[in-house]
Amino acid sequence: MAAHTPRTTAAPEGPGRTPGLRERKKQQTRYALIQAAHVLFLRQGFARTTVDEIASAVDVSQRTFFRYFANKDEVALAVMAVAEDYFMECLRHRPAEETPLQALRASIVKAWHDLGSEEAAGPGSIHSALELMRMIEETPPLLAAHLRRVNEQERLVVRVLAEREGLDPAEDLRPAVLAAVFGGLLRLAHLSWSAEHEPAGPEGMVAVIERHFDQLGPALAGHWHDRA
């Protein structure tokens with residue numbers, strides 16, 4: 001995943017220094033732009049929303065907007081970036097005794113649970129990500145940008161898995177293969193949830209993801225039908 005500008009999120013905070021006043025103001029402006037863009041995109045559509053409208057909603061200039069985001073795609077996908085970044089943090093801290101697949105599954109479930117809690121609200125929450133998912137699938141330019149981000153995250157997952165297992169991903173293909181399978185499984189789960197519309201909310205998405213994980217072993221190993 002590409003590096004991101006520090007953002008205010010609804011994710012649980014980790015250890016670190018307390019940001020200064022100037023940094024907090026910058027985080028607040030970024031957060032406000034994400035929130036305004038998210039509301040406008042859902043209300044009137046991605047294509048019909050302009051950068052000027054987003055900036056005006058926060059009472060800042062277009063120039064200020066472009067200090068934080070390169071374009072509309074980036075501000076829209078900032079909602080997803082919060083969840084992606086938190087997932088990666090969860091993965092980095094999974095117990096060493098877990099298998100790579102167990103660590104991936106536990107990390108994505110933890111991220112959805114934590115960011116979907118009642119305390120997590122606003123553009124950094126899973127609730128906002130769920131709202132955004134359907135819009136992404138219905139907006140070709142946004143979908144293309146999202147898939148590029150997915151590819152970036154997949155490469156990061158490969159590196160984290162390789163470091164975790166003490167492997168060289170250039171020599172050992174297992175991290176890349178598992179990251180590709182994991183990414184495909186998540187996309188399939190997201191599409192399934194978007195199409196079904198039920199069960200709703202973060203818990204519903206977790207249930208869909210878990211259901212897909214349950215089928216991973218049977219899909220990859222053994223025959224798909226009974227044999228005598």
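Note that the sequence shown covers residues 1 to 228 in UniProt numbering.
Even for Gly, the Cβ is constructed at its ideal location relative to N, Cα and C.
Asked                                                                                                             : Found
DSSP-derived helix/strand/coil call for E203                                                                      : helix
Complete runs of the alpha helix (DSSP H) confined to the stretch 24-94 [at least 4 residues]                     : 51-58, 62-68, 72-92
Cβ pair count under 8 Å reaching 3, the stretch 77-88 against the stretch 138-156                                 : yes
Exposed unless 16 or more other CB atoms sit within 10 angstroms - verdict on V177                                : exposed
Where Q28 falls, given that 16 or more other Cβ within 10 Å makes a residue buried                                : exposed
Nonlocal neighbours in the same chain, by C-beta distance under 7 Å from P15, ignoring five residues either side  : Low per-residue confidence applies at P15: pLDDT is 41, beneath 50, and the placement is therefore not dependable, though the value from the model is reported in the following sentence. For P15, where only same-chain residues beyond five positions count, there are no Cβ hits under 7 Å.
Residue environment, D52, which counts as buried when at least 16 other CB atoms sit within 10 Å                  : exposed
For V75, the nearest candidate out of R134, R30, R105 (CA to CA)                                                  : R30
Candidates L191, W112, P175, K25, of which the one nearest Y68 by Cα                                              : K25
Close Cβ partners of R134 (< 7 Å) along its chain, the five nearest in sequence each way excluded                 : S194
Close Cβ partners of A111 (< 7 Å) along its chain, the five nearest in sequence each way excluded                 : A83, Y86, F87, C90
Stretch-stretch touch, CB-based, cutoff 8 Å, three pairs: the stretch 162-180 with the stretch 205-225            : no
Nonlocal neighbours in the same chain, by C-beta distance under 8 Å from D214, ignoring five residues either side : none
For W224 and I34, the rounded distance between their alpha carbons                                                : 45 Å
Stretch pair the stretch 163-170 + the stretch 90-108: three plus CB contacts closer than 8 Å                     : yes
Residue nearest to V58 in terms of C-alpha spacing, selected from P100, A37, Q153, L142                           : A37
C-alpha gap between I209 and E171, whole angstroms                                                                : 30 Å
F66 beta carbon less than 8 Å from that of L142                                                                   : no
For A111, the first and last residue of its enclosing alpha helix (DSSP H)                                        : 100-115
Reduced DSSP secondary structure (H/G/I, E/B, other) of P6                                                        : With a pLDDT of only 34 at P6, under the threshold of 50, the placement of this residue in the model should not be trusted, and no figure is reported.
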